[in-house]
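Engineer: Chains as they are written, first to last, in our numbering: chain A, 1188 to 1565; chain B, 1188 to 1565; chain C, 263 to 449; chain D, 263 to 449; chain E, 330 to 419; chain F, 330 to 419; chain G, 5 to 280; chain H, 5 to 280.
Glycine residues also receive a C-beta, built at the ideal position from the N, C-alpha and C atoms.
Supplied in structure tokens, the structure appears directly below.
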Amino acid sequence: MRDYRNANEAVALAVRLARVEVVAAYPITPQTAIVEEIAGQIARGELDAEYIRVESEHSALAACYGAAVAGARVFTATSSQGLAYMYEMLHYASGSRVPVVMAVVNRGLAAPWTIWTDHQDSVSCRDTGWIQLYVETAQEALDTALQAYRIAEHGEVLTPVMVCLDGFVLSHTEEVVEIPRQEEVDSFLPPYRPAYYVDPERPAVFAPGMGPDLYPSYKRSQQLAMEKAREVIKAVDEEFGALFGRRYGGLAEPYRCEGAKAVLVTLGSVTSTAREVVDRLRQQGHAVGLLRLRALRPFPAQEIREILGGAEVVAVLDRNCSFGLEGAVCTEVKAALYGLARQPQVLGFIRGLGGQDISQADIEEIFQHALSFSPGRR
Amino acid sequence: MRDYRNANEAVALAVRLARVEVVAAYPITPQTAIVEEIAGQIARGELDAEYIRVESEHSALAACYGAAVAGARVFTATSSQGLAYMYEMLHYASGSRVPVVMAVVNRGLAAPWTIWTDHQDSVSCRDTGWIQLYVETAQEALDTALQAYRIAEHGEVLTPVMVCLDGFVLSHTEEVVEIPRQEEVDSFLPPYRPAYYVDPERPAVFAPGMGPDLYPSYKRSQQLAMEKAREVIKAVDEEFGALFGRRYGGLAEPYRCEGAKAVLVTLGSVTSTAREVVDRLRQQGHAVGLLRLRALRPFPAQEIREILGGAEVVAVLDRNCSFGLEGAVCTEVKAALYGLARQPQVLGFIRGLGGQDISQADIEEIFQHALSFSPGRR
Amino acid sequence: MLQIRWHGRGGQGVVAAARLLGRAAAVYEGRYALSFPSFGTERRGAPVKAFTRLGDRPIRDRSQIYTPDCVVVFDVTLLEGGDTWQGLRHGGIFLLNAPFEPHSLPLQGVTFYRVDVTALAREVLGQPLVNTAMVGVLAGITGWVSGEAVKGAIFDLFPARLAEKNWLAAEKAYLLGQELREKGRRA
Amino acid sequence: MLQIRWHGRGGQGVVAAARLLGRAAAVYEGRYALSFPSFGTERRGAPVKAFTRLGDRPIRDRSQIYTPDCVVVFDVTLLEGGDTWQGLRHGGIFLLNAPFEPHSLPLQGVTFYRVDVTALAREVLGQPLVNTAMVGVLAGITGWVSGEAVKGAIFDLFPARLAEKNWLAAEKAYLLGQELREKGRRA
Amino acid sequence: MIPVLPTPHLSSRTGAWRMLRPVLEAEKCNGCLVCWLFCPEGSIRRENGSVSIDLDYCKGCGICARECPRRALRMVEEASFMGEGGGKLA
Amino acid sequence: MIPVLPTPHLSSRTGAWRMLRPVLEAEKCNGCLVCWLFCPEGSIRRENGSVSIDLDYCKGCGICARECPRRALRMVEEASFMGEGGGKLA
Amino acid sequence: MRIEELREEEFVCGSFACAGCGAILAVRLALKVLGPETVVVTTPSCLLGVTTFYPQLAFKVPCVNVPFPATAAAVSGLVAGLRRKGRENVRVLGIAGDGGTVDIGLQALSGALERGDRFIFLCYDNEAYMNTGGQRSGSTPLGASTATTPVGRGAKGEDRPKKDMLRIVAAHNIPYAASASIGYPADYIRKLEKAVKAGGPAYIQVLTPCPPGWGYRSDLTVHLARLAVQAGQWALAEYEEGAWRVKEVSNPRPVREYWALQKRFAHLLQESGGEG
Amino acid sequence: MRIEELREEEFVCGSFACAGCGAILAVRLALKVLGPETVVVTTPSCLLGVTTFYPQLAFKVPCVNVPFPATAAAVSGLVAGLRRKGRENVRVLGIAGDGGTVDIGLQALSGALERGDRFIFLCYDNEAYMNTGGQRSGSTPLGASTATTPVGRGAKGEDRPKKDMLRIVAAHNIPYAASASIGYPADYIRKLEKAVKAGGPAYIQVLTPCPPGWGYRSDLTVHLARLAVQAGQWALAEYEEGAWRVKEVSNPRPVREYWALQKRFAHLLQESGGEG
Ligand SMILES: Cc1ncc(C[n+]2csc(CCOP(=O)(O)OP(=O)(O)O)c2C)c(N)n1
Ligand SMILES: Cc1ncc(C[n+]2csc(CCOP(=O)(O)OP(=O)(O)O)c2C)c(N)n1
Ligand code: SF4
Ligand code: SF4
Ligand code: SF4
Ligand code: SF4
Ligand code: SF4
Ligand code: SF4
Ligand SMILES: [Mg+2]
Ligand SMILES: [Mg+2]
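This is how it looks when you write it as structure tokens:
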């Protein structure tokens, strides 16, 4: 059904379509509408789920954890300070291998206080063991939330997933969204059948303590699960595409990178605006392209090497800063390209913090700057 | 005074020598002894400080924050889950530019539960805007805690500092420690004189909200402060060396890297063991060296390029994993070396998670593996 | 692509208006739209903005709107803020809800419309709730979306009873707008 | 470099013993030492281990001790665990506190000493607290640190009154150790 | 740049938000200060025996008028204070 | 590898920690079960009219002996159960 | 302190609060009692949003903003820091909304109360998370419809009674705890004065109606704050030296009268046909 | 339930608790009452350390370990999840030490109590953070010496009274809340049975002496748990349907008798010359 929705609503619709069984979440701008919409769905009888009205985000994820080990499909959503406050639980959920899906509506972190978007909140959580997918549109938010359950619950992945969407720019921006039908979603996403759940017939300890003899192997298995997730993310996106006609490029999506001298690397909603710029510059005869990282974790190092290996300059647009180093994506892109015989120049651009707008002109400037480094131009 | 102490005690001694005014901390293994020792110092009248017995780590850092904006010199210490639980406050303290010094006694994160050392806890906080210094010995723990106040409180730095020390391997291991005299420390470390503090005569908002127009410039200034910190860390280490005769290499300390074909990059206590191995291998005629990163933030990219640029193979020993990518230090070392004309091969080794012991044999194996990649050997 | 900026006060429903217009075009005319608020918390009474982009192809530019084609002002008192006309592009439209003609707006090269929508809304809805009617007027004046499309969107977004009343107001405003079409004052 | 492993039970003070020996060497003989516990939480009664490294140069190896030069066992019941002798290097020393000779320890190529330190401690301290005395015996048998150094360390680590009593026990044990020196059973 | 900013710092007069304006009928007022006490914005000034209203930050909430025991305050549409053709707000 | 492990799973018999052993003087015991109730380890077995002690996990805390209203239990040095020259613990 | 004795000076002015905001009134009055030698510690909530977002900074006293779960912990730190710096004369006033007090800020508050430092904690209770648009909090009254407890098929608004925070706080045995209402300013001011004089932590929870959140016309704020008390929906209680004192209501009103003025309770009246 | 009626089966056995641990006894008895259809939710504390650290896993019922601040929140989730899965028959027993209850776990507990779900929360109170070696908690009694409230020049051990957690919990108006002692097993068991039958959240705080933490010989555990009650240092209270009931002590003992057996109070006796 063709509808007109913002990404917050799109995510709430996905939660309904995914037949989530337990939701626990805490309000925070600009995520709140997701939670409100879910509460509304339940009140209106559209969604048959338990909504746990927790008193904080730490508890939100803890409650999801409890419900998940009981065998339920769970959902939560947060943003910024809320994500930061549940941080202990992030490591815990991934280490415990519970397939939580969480929408992170990206917003900058205090201090100073901001309610506007940047990626500092989720990017800073890159080491927590969660899969992170960044979406570009409300449609992708909906579709990715559905895909996220398939990925998270995959028997060899069993790793929680963050669906990251830019605050306001996506969360509060309505646009055309195609709503899948319930039957279609049901056929794409079967009910969650956990291998391990709390069962007095088979008593088990969930998340026991472990000595140095065992602990490392569990951490290794988390890393292997992430490796597996690479495949699964791609396969699920393919399958989704076959069913619904919409694909998002799996881990990383190139746009007009063929023969591009300068390629811009982006995450999230700014990609849309950048496409516009790429088209215009291409029209003007500039060999520019775009690589959107859909997954930050698992990090698409292989794809980056393949797609960017041929470029002369790579410009990385970071909506975050790893203070004392540089934008996090920039570092990781360089590392991914490390060791290639022909190495593109990699330039980092930190933009759009705390809701700073990124206009077409800003992006064009980045491209111009990048092109000026291209040997052809020098 | 020559003494025999473990790193926890050494840190507590530093707190006393630094004349810290307010301490707020929460117990957690293997950090607890620091807090206990400070409580003891106060009870015995050796330290004239307020000890706030908080009910959690989030509150520990919040209380330090409150005391710092009142103008007091503050200290806290934690580990693992405790660091994770105060995570929201980490961003807050750095964004607010309060010069907190915190000892992080490194320990792995749950789940599964461990009480043993690895660097996942602090390395995962690399994006929080804190300066991070990793120490190798109990002596260095003491000395670095003292240096940390000079760094954090520097007018152009004003950034909180984590002094990271390995759980048990340092925290619970006694060794020879030279305790500086109070007068010497006083001359090295003057009282804290904040430019901004809570004062009804000059009312101000601490950590206000800001729109997209202003917010980015404050984040930029955090990044600039980190740049400044590079200099300051080196200068303070030098000055400390001149006064006390002990230097730690500033941001990064090479060991026998001259002409080294294979260099191992380490953080923390394993460096000691690795020195032993380097000496033996050198004796056996292998051109191996060691680069210890003392600072993870600010990241010593420049030093890495200078020191490792000449190597053929660089082996990075990570006691952490950024799941879905690789060891965090490995990524950052590659990125630092990116674009060098002659690029060493960089190999990542994740070892020592959850207290897994790293023996001389383990390190030798890493070196052997690295050397096998050295072109001279192939 | 068309870019519209809406000015109102917290509580007046500017965000809903921006959305309504977008929905009308996107769902009922098979076209594309983006609508978004001014990205802040809006307190009741405080001046707020919202935005709509309309287009025939999917709209990819997600940056802010700096040079709108049209500015819609919900309330004459907002003119005091002095920023309603900012960036309005040459040849654009300035639509003001006011009971009287304000003097000396520093508008140049744009078409100016004034309508007393508050009176209309009071009449139809019994309250000075102008947002649906403002969309109606704009649609009428510009023809950017059809009255039918506006109706469809209103019935989607309001519960039935409210929708009917609101469509009544919007339709009236739409017709008024059609009358006004081409009667704007060039400034 | 010398490596010593201490076996005891939570509450018996093995960790303190490991430290005491290290401190004696490091502070009172200008040498170097590392001492550390078995890196876990020790519950009272549970078998625990601790370690000391002694050397003439700064000790850099911070990895675990797998092949100690000496094993010290605080309590005969610990032998049941079956791991006290693990890794003890050829030519090493096995020192056991026991009121009687245990039979059939699978020791090979090491020197075995048994002392009834509990009895000694009971006598001097009025309690079966053996840890300082165990350090004394070890020092006496091996000469790895002097009695004076042990005394210094004891007075550093215990409050005066306790220190005196403990040094009494340790000194007695030290002298006993000196007598036993070279009288160990080769196994 | 340390995020510590001197306060107060007011960039906009929130009186501009007002849609209703409190108007005092001075003769009814007995200076009881009830309006002064209850004004959320502190926009009412005490004057000997009476009060006056500072419109810079008065948002026109109407509490003063509602709570005045002597009904000495009336809320009047703000637009009515704009001359035909618009005009200054306060 | 999911960190979910079947429980119970006991790798060591904590009876090995014991330094004192509870010894029952059966004739004094009236089977009141006070010891059974209070044993933290659940190491006392109910037997018709009396009790027996399972030494596998008895840590020798002495609570049973202290709480037995009939003083039917005595705590005895564990070492005394090792024959000269050592021997099995339990 | 009589009205006329209250300071003329305003310590908060020009905020971005909605017209008729009860919360800002409560803070205005509190600062009038506490005076200029006060530092405010506050946290995300309407108050922070409307008083300390640049470029509109509305306080005339220092204000320390801290994360949502942290108010009382930062208060503890500030008290210790000021004491250490010999500036005990500066009063520390922690302020949080109901959400920041009874939910996410409860633990830090409990810790600070337990430590027994001298400070005042003011909870302005608008009975929901208003800064984020009106979601239920632990302090939302039974039956109120909010954005997360909407009314619908079988859903009748908030289904749990209001958390009795005052009793929870009093259970910490602090010298002074009270509830107040901006509808009873003399009572509120008296309680603030007592809080100032308390030898340790003092807690005041003040009812502050919220026009958009509760759904009523802005001029009714004070009226509702009074009506809540008269209709038995808010007690004016005091806990001092281990004893409770509750103000008798001289002119009780039916609760329906209170409900009838607020959208959040509209469904309760509809249910029973709008009668009685 | 009389002693003989208690299940023979042990649901926790072989733990690494210290000899004479009161906590493990409290848990053992609780599980005997609750039975095999129970899931334990627990958190870092001695209990987690001694029962669920591989390779020694001592529970015979499922056990879900969660982070320290999260016990009651995970309990809420588990209750919801089990209900959603049609397995309401499984009883959910949250267990935390005093630190995990009255300090870092307080907020989550308050939230869970407020939500009104059916579960039992057992706080075993050994009056300090024992797993980390005996630091003070909010539940440490006045005067006790701990690792963070040591005795020294001018420092006399814990200087704040014990947090009255039972009153705090009762202020949440839950169906059942009680304090118990392992020294009074019949009373404790009866309370557990009531908790099982409560229609909503039930809370029991049970005093569990700790030999190394309190400094006494392991055989005194039950004796001290009894003496605490007899010496007026621990009340056996019950809060049910809004009313309090406190067990009268038939044979009161002087508090010094209680102190005298424990190292943590040794300095209190020395002060007054060891008399009386
Ligand atoms: C950790 C965290 N979670 C959520 C938020 C989002 N948040 C900001 S204000 C607020 C509601 C505040 O409610 P209350 O304390 O009652 O104050 P009010 O807004 O009602 O004045 C919320 C949920 C946040 N800032 N931090
Ligand atoms: C967030 C966090 N902070 C601190 C710790 C460390 N810690 C583990 S157990 C414990 C003490 C537990 O005390 P209590 O709850 O009273 O249980 P007990 O150990 O006394 O049985 C502490 C402080 C932790 N695991 N997580
Ligand atoms: S209308 Fe409201 S803001 Fe204006 S003076 Fe009256 S009470 Fe104050
Ligand atoms: S409340 Fe009315 S009578 Fe009293 S001072 Fe104000 S205007 Fe005058
Ligand atoms: S307590 Fe004593 S009498 Fe009772 S059953 Fe046990 S041993 Fe027998
Ligand atoms: S000594 Fe302790 S553990 Fe052993 S049976 Fe008696 S009570 Fe149980
Ligand atoms: S929403 Fe309510 S509490 Fe917030 S500023 Fe507006 S009136 Fe005040
Ligand atoms: S320290 Fe205390 S609570 Fe912990 S296991 Fe030992 S006796 Fe039990
Ligand atoms: Mg509120
Ligand atoms: Mg405890």
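H1359 of chain A: buried (16+ other C-beta within 10 angstroms of its C-beta) or exposed?
Structural biologist: Buried, by the Cβ-count rule.
Engineer: Between C67 of chain H and ligand 5, is the CB less than 8 Å from at least one heavy atom?
Structural biologist: C67 of chain H: no, Cβ never under 8 Å from ligand 5.
Engineer: Decide if L1345 of chain A is buried, meaning its Cβ has at least 16 other Cβ atoms within 10 Å, or exposed.
Structural biologist: Answer is buried; the Cβ neighbour count reaches 16.
Engineer: Going by DSSP, what residue range makes up the beta strand (DSSP E) through T46 of chain G?
Structural biologist: Here the beta strand (DSSP E) through T46 of chain G covers T42 to T46.
Engineer: For A1524 of chain A, collect the residues of the same chain with a Cβ closer than 8 Å to its Cβ; drop the 5 residues on either side in sequence, then sort them by chain order.
Structural biologist: Looking at the sequence provided, one finds Leu at residue 1524 of chain A rather than Ala. Cβ within range, chain order: I1491, R1492, L1495, G1496, V1501, Q1530, P1531 and V1533.
Engineer: How many Å lie between S1546 of chain B and V1457 of chain B at the Cα?
Structural biologist: Cα to Cα, the separation comes out at about 9 Å.
Engineer: Pull the bridge partners of A1264 of chain A from the DSSP assignment, please.
Structural biologist: Answer is A:A1290.
Engineer: Given that S1243 of chain A touches chain G, what residues does it touch there, using C-beta distances under 7 Å?
Structural biologist: Chain G residues near S1243 of chain A: P73, D107 and I108.
Engineer: Is S143 of chain G near ligand 9 - that is, is its Cβ less than 8 Å away from at least one heavy atom of it?
Structural biologist: True, at least one ligand heavy atom lies under 8 Å from that Cβ.
Engineer: Considering only heavy atoms of ligand 7 and the C-beta of each residue, which residues fall inside 6 Å, strictly closer?
Structural biologist: Residues flagged by the Cβ proximity filter: C:R305, G:A21, G:C22, G:C25, G:A27, G:C50, G:V54, G:N130, G:M134, G:C214, G:P215, G:P216 and G:G217.
Engineer: Quick one: is V289 of chain D near chain B, going by C-beta distance under 9 Å?
Structural biologist: By this cut-off, V289 of chain D is an interface position.
Engineer: Do G1354 of chain A and G1542 of chain A have their beta-carbon atoms positioned less than 9 Å apart in this structure?
Structural biologist: Contact flag set, yes.
Engineer: Taking the alpha-carbon positions, what's the S420 of chain E to A360 of chain C distance?
Structural biologist: In the structure as shown, chain E begins at 330 and stops at 419. Residue 420 of chain E is therefore absent and cannot be evaluated.
Engineer: Give me the chain G residues within the contact set of K388 of chain E, using Cβ-Cβ distance strictly less than 7 Å, ordered along the chain.
Structural biologist: What K388 of chain E touches in chain G: A23.
Engineer: For the beta strand (DSSP E) containing C1351 of chain B, name the first residue and the last one.
Structural biologist: Counting along the chain, the beta strand (DSSP E) containing C1351 of chain B begins and ends at V1348 to D1353.
Engineer: Name the DSSP beta bridge partners of V70 of chain H, please?
Structural biologist: Per DSSP, none; premise fails for V70 of chain H.
Engineer: Is there a Cβ from chain D that is less than 9 Å from the Cβ of R395 of chain F?
Structural biologist: It does not: the Cβ of R395 of chain F has no partner Cβ on chain D nearer than 9 Å.
Engineer: Just to make sure I have the definition right: I need the residues of chain A whose C-beta is within less than 7 Å of the C-beta of G204 of chain G. Which are they?
Structural biologist: Those do not exist, as G204 of chain G stays about 26 Å from chain A at its closest Cβ, beyond 7 Å.
Engineer: Indicate whether at least one CB of chain D lies closer than 9 Å to the CB of L1478 of chain B.
Structural biologist: With 9 Å as the cut-off, L1478 of chain B does not count as an interface residue toward chain D.
Engineer: Which value, in whole angstroms, describes the spacing of the CA atoms of P1378 of chain A and L1296 of chain B?
Structural biologist: Roughly 31 Å separates the two Cα atoms.
Engineer: Might you give, ordered along the chain, the residues of its own chain that have their beta carbon closer than 7 Å to the beta carbon of V397 of chain C, omitting 5 neighbours on each side?
Structural biologist: Cβ within range, chain order: A279, L282, L283, V412 and A432.
Engineer: With 9 Å as the limit, tell me which residues of the stretch 210 to 238 of chain H have their beta carbon closer than that to any beta carbon of chain F; keep them in chain order.
Structural biologist: Those residues of the stretch 210 to 238 of chain H that come within reach of chain F (Cβ to Cβ, closer than 9 Å) are P215, R221, S222, D223, L224, T225, V226 and H227.
Engineer: What residues from chain C crowd round E370 of chain E, counting only those whose CB sits closer than 7 Å?
Structural biologist: Simply none; closest approach about 12 Å.
Engineer: Flag W365 of chain F as yes when its Cβ comes closer than 8 Å to any non-hydrogen atom of ligand 5, and as no otherwise.
Structural biologist: W365 of chain F Cβ: within cutoff of ligand 5.
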